[in-house]
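Under the UniProt record's numbering, think of the first position of the sequence shown as 1, with each following residue one higher.
Yeah, the Cβ is synthetic: ideal placement off N, Cα and C, and Gly gets one too.
Keep in mind it's a predicted model, so treat the numbers as computed, not measured.
Contents: one structure, followed by commentary.
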Amino acid sequence: MNPLKVVITGGPSTGKTSVIDLLEKKGYFCVHELIRSMTSAEKKEGNEDEFVTNPIVSVKDPEKFNKALLDGRVGQYQNALKKNTNVVFFDRGIPDVHAYMHCFDQNYDQDFAQPNYDYRYNHILLMPPWEEIYAVDNERFETYEESLRIFDSLRSTYIKFGYDVTLIPKDSVEKRTDFILDHLNLI
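This is the structure in structure tokens:
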């Protein structure tokens, strides 16, 4: 089966997970974000005080962390294709790894970029920064100003890899979810 592959992405604290959770409650197959569990594991191994911004710059070995994150996202993609479903919603996609690396001035070579060409999505839905709902927590450390930079980096990275990007309007979780389903002709 070749399901419709939809990425819901955006900077930190833009409402992605709330929308993914509602889509899941509505019966859609959703793939959840990896980085929260990876960040928790890294914090347990190292000095928690070092985590003052995004994990990809706070971990002991950013290259190893980014490679593990990239491999994890590729694995999620491959596993999702094995599901008996017509549509898969991803909380972040493979290009997110590269967007964050670009945003935080980390370089990568063509081999590291290749999965962006090998594993393609049908739709990219981007949630804009939203200061009124912005919050930090145990795995989210970025400032609101950093979230603005991340948003720009996400948009430009997806475009660089040949995607059209659709912005999701700031609204309630229910209305954002309805916007997505309507945009994809699922309602």
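Beta-carbon within less than 7 Å of residue i's beta-carbon, same chain only, minus the 5 sequence neighbours each way: which residues are those?
i      : result
Ser18  : Val173
Glu145 : none
Glu131 : Tyr144
Can you tell me where the beta strand (DSSP E) holding residue i begins and where it ends?
i      : result
Phe90  : 87–91
Thr166 : 165–167
Thr9   : 4–10
Leu22  : Looking at the DSSP string, Leu22 is not in any beta strand (DSSP E); the run it does join, the alpha helix (DSSP H), is 16–25.
His123 : 123–127
Quick one: what's got a C-beta closer than 8 Å to residue i's C-beta in the same chain, skipping five residues either side?
i     : result
Asn47 : The predicted model places Asn47 with a pLDDT of 48, which falls under 50 and marks its position as unreliable; any figure quoted below should be read in that light. Nothing meets the Cβ criterion.
Could you tell me which of the options sits nearest to residue i, measuring between CA atoms?
i           : options                    : result
residue 212 : Asp164, Ile187, Val165     : This structure does not reach residue 212, given that the chain is present from 1 up to 187, and the question cannot be answered.
Phe161      : Leu70, Asn2, Asn116        : Asn116
Thr135      : Pro12, Met1, Asn2          : Inspection of the sequence shows that residue 135 is occupied by Ala rather than by Thr. Answer by Cα proximity: Pro12.
Gly93       : Val165, Lys83, Leu184      : Val165
Asp178      : Ala68, Leu23, Lys67, Gly27 : Leu23
Just to confirm, are residue i and residue j a CB contact at a threshold of 7 Å?
i      : j      : result
Val74  : Phe65  : no
Gly10  : Leu148 : no
Cys103 : Ser156 : no
Ile133 : Tyr158 : no
Tyr119 : Tyr163 : no
Ala25  : Asp91  : The question names Ala, but residue 25 in the sequence shown is Lys. Result no, Cβ atoms of Lys25 and Asp91 do not sit closer than 7 Å.
Note the first and the last residue of the continuous alpha helix (DSSP H) segment covering residue i.
i      : result
Met101 : 94–103
What does a CB cutoff of less than 6 Å around residue i pick up in its chain, not counting 5 residues either side in sequence?
i     : result
Gly72 : Leu34
Quick check: the segment 85–98 against the segment 1–11, are there 3 or more CB pairs under 8 Å?
-> yes
Examine the Cβ distances between the segment 20–36 and the segment 148–164 and report whether three or more of them are shorter than 8 Å.
-> no
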